[in-house]
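In the working numbering, the protein residues as written are 26 to 162. Every residue gets a Cβ at the ideal spot worked out from N, C-alpha and C, and that includes glycine.
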């Protein structure tokens, strides 16, 4: 006997053409799972790499460090987080992920919100001179 669901999945809040793997100046990310109000990414940060100091209008994030020691900023708090550590980033909070070590850092990021596109990044500082707001397309 096979089970068939009559419930259709809700449309994704992530654009259909969003990549499952993308390289960035600081490393790379993989989109592992997407739904109407969530996305799960694996993020790898190169030694001495850092994401921009940023915030989001539409999503919260939860970061779980799985490799290396991450330096994570959330608003005024700066913390060193080792594998197994979890950090919650509320919607609108200014945050950054840095790798100040000589080994790579990897995290699992769980995004929750009504829109999860890469263009919901508002950059306040960026060592790679990217635009203040990510523009895709």
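Exercise. Where in the region 63 to 95 do unbroken runs of the beta strand (DSSP E), each at least 3 residues long, occur, reported from the N-terminal end onward?
Worked result: 63 to 70, 78 to 80 and 84 to 92
Problem set entry | Proximity of residue 148 and residue 79 at Cβ, strictly below 8 Å | Position 123 of the chain shown, counted from the first residue, corresponds to residue 148. Position 54 of the chain shown, counted from the first residue, corresponds to residue 79. Yes.
Problem set entry | 7 Å CB neighbourhood of residue 162 in its chain, flanking five on each side removed | The residue you call residue 162 lines up with position 137 of the chain shown. With a pLDDT of 33 at residue 162, under the threshold of 50, the modelled position of that residue is not reliable, and no figure is offered here.
Exercise. Between the C-alpha atoms of residue 76 and residue 157, what's the straight-line distance to the nearest angstrom?
Worked result: Counted from its first residue, the chain shown places residue 76 at position 51. Counted from its first residue, the chain shown places residue 157 at position 132. Rounded to the nearest angstrom, the two C-alpha atoms are 13 Å apart.
For this session: Kindly indicate the opening and closing residues of the beta strand (DSSP E) around residue 176.
Result: There is simply no residue 176 to check, as the chain begins at 26 and stops at 162 in what is shown.
For this session: Using DSSP bridges, identify the partner residues of residue 55.
Result: In the chain shown, the residue the question calls residue 55 occupies position 30. DSSP, once it has assigned bridges, lists 46 and 67 as partnering residue 55.
Exercise. Beta strand (DSSP E) containing residue 142: first to last residue?
Worked result: Looking up residue 142 in the chain shown gives position 117. Neither: residue 142 is in no beta strand (DSSP E) and is coded neither H nor E.
Problem set entry | Span of the beta strand (DSSP E) around residue 121 | For the purposes of this step, residue 121 is taken as residue 96 along the chain shown, with counting starting at 1. 120 to 123 is the extent of the beta strand (DSSP E) around residue 121.
Problem set entry | Rounded Cβ spacing between residue 136 and residue 84 (contact assumed at less than 8 Å) | Position 111 of the chain shown, counted from the first residue, corresponds to residue 136. Position 59 of the chain shown, counted from the first residue, corresponds to residue 84. The Cβ separation is near 5 Å, so the contact holds.
Exercise. Given a threshold of 16 other Cβ atoms within 10 Å of its Cβ, counted over all protein chains shown, does residue 52 qualify as buried or as exposed?
Worked result: Stepping through the chain shown from its first residue, residue 52 is reached at position 27. Looking at its Cβ environment, which holds 16 or more other Cβ atoms inside 10 Å, residue 52 is buried.
Problem set entry | Local conformation of residue 158 per DSSP, three classes | Counting from 1 along the chain shown, the entry for residue 158 is found at position 133. Reduced to three states, the DSSP call for residue 158 is strand.
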